[in-house]
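Working notes, structure below.
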Amino acid sequence: MAASICLPAYNEVRTIEATLTELSRLGPEVDEILVCLNGCTDGTERVAEAFREREPRLAVIESELGKNNAWNALVARARNRRLVFTDADVRPAEGSISALLRALERSPRAAVAAAFEQPRGAPPPPLGTVLRLLTTSLGQDYISGRLYAIDRDRLGAVMAERGLLPAGTLPRLPVDLVTEDSWLTALVAGDALVVVPEAPIHFEVDSMADVVRALARNAAAREQLRSSYPELHRRDGARLLSAQTAAKILLDRLRSAPGPGAVTRGLGGMALRAAIHRVLGQRIRAQRDRILADVSAGRGGRVMATSGRLPSKGG
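Position 289 of the sequence shown, counting from 1, maps to 289 under the UniProt record's numbering, and the rest follow consecutively.
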């Protein structure tokens, strides 16, 4: 079954040509590449339009500012049922997109197949080692917004089942979300989500400030779930470690971690993040509250584009 590549783009003039070059090398399993410009002011549109002369599968559309608006426009425009979402600064590793699509084929209940995050620390050890640990999860059970695939029909059915849209309509994100991946994870956690280690995606962590921004953004997304989407917050809470669920969740994550080294790094990352929250908790909460205030003031599109996103690298 053919798939559409969906690429939200906000001020990506430095990276989008390289990303489109990589995507243009994909085989016939991808018969459509869509770029959605959402509020670009840096010339991204000129690069994307020029690339159309080299890639007949490419189409360029526009939406209002914000990744959520772009996501909705891409879902409505794509001609295929299976859509692969990737950020404009991501170069997927060879075979990653095929692995995501195969995972949807093999898992008849899966609505989302997520790439497997692998952080890279740009600074040399020991700082680079610490930064990588801080952003390493034990047994990923969430969606990385950098790269994932959806089955549009299945995702629409899950949203209808949760009472979020009428049955038989296209899936659509609320436009005020802090992060679409956290919201989607809460929505499809369980057998509607499959994480695919054969589809790695790397991201770079340059400084402790990067870590704090990412933690603040994640905290803001969880608080938004709690206050605005209580049913999804309860579902998301079932994924998080607690006195009642810790043993089972830890065992599940240990089973899904690819090798003993990943287990060690994941456990180390959990311990370090707990320590960072204790030491820098006030700073993280202050940034979280600024993000939520921006969303409440109608500036959610800019929040999605700028708050806590870490540079991504394929391979």
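Note that the Cβ used here is the ideal one computed from N, Cα and C, for glycine as well.
A quick note: this is a predicted structure, and the numbers were derived from the prediction, not measured.
If you draw a 10 Å sphere on the C-beta of Pro171, you find 16 or more other C-beta atoms in it, and that means buried. When beta bridges are read from the DSSP output, Gln118 appears opposite His202. For Leu165, the number of other beta carbons within 10 angstroms of its own is below 16, and it is reported as exposed. For Ile97, the uninterrupted alpha helix (DSSP H) segment begins and ends at Ser96 to Arg106.
In this structure, Cys36 lies near Ile61, with their beta-carbon atoms less than 7 Å apart. By the Cβ test, the segment 33–50 is not in contact with the segment 146–162, since fewer than three Cβ pairs between them sit closer than 8 Å. For the set Arg288, Leu20, Pro56 and Arg57, the Cα lying nearest the Cα of Val178 is the one of Arg288.
Contact check for Phe85 against Tyr148 passes: the beta carbons are separated by less than 7 Å.
Collapsing the DSSP output to three states places Ala2 in coil.
Where Asn38 is concerned, there is no enclosing alpha helix (DSSP H), although the beta strand (DSSP E) around it starts and stops at Val30 to Asn38.
The three-state reading of DSSP puts Arg54 in coil, since its state is none of H, G, I, E or B. Counting only runs of at least 3 residues, the segment 138–173 fully encloses the following beta strand (DSSP E) elements, listed from N- to C-terminal order: 147–151.
Measuring C-alpha to C-alpha distances from Trp71 to each of Ser96, Arg132, Arg146 and Val130 identifies Arg146 as the nearest. DSSP, reduced to helix, strand and coil, places Thr135 outside both helices and strands of the structure shown, so it counts as coil. In the three-state scheme derived from DSSP, where H, G and I count as helix and E and B as strand, Val279 is classed as helix. The closest CA to that of Phe51, considering only Pro197, Val13 and Leu184, is found on Val13.
Counting along the chain, no alpha helix (DSSP H) covers Val84; the unbroken beta strand (DSSP E) around it starts and ends at Arg82 to Thr86. The beta carbon of Leu26 lies closer than 7 Å to those of Ile97 in the same chain, with the five residues before and after it left out.
Approximately 26 Å separates the beta-carbon atoms of Leu184 and Ile276; this is outside 8 Å, ruling out the contact. Bounds of the alpha helix (DSSP H) holding Leu74 are Lys67 to Arg77. The three-state secondary structure of Glu62, taken from DSSP, is strand.
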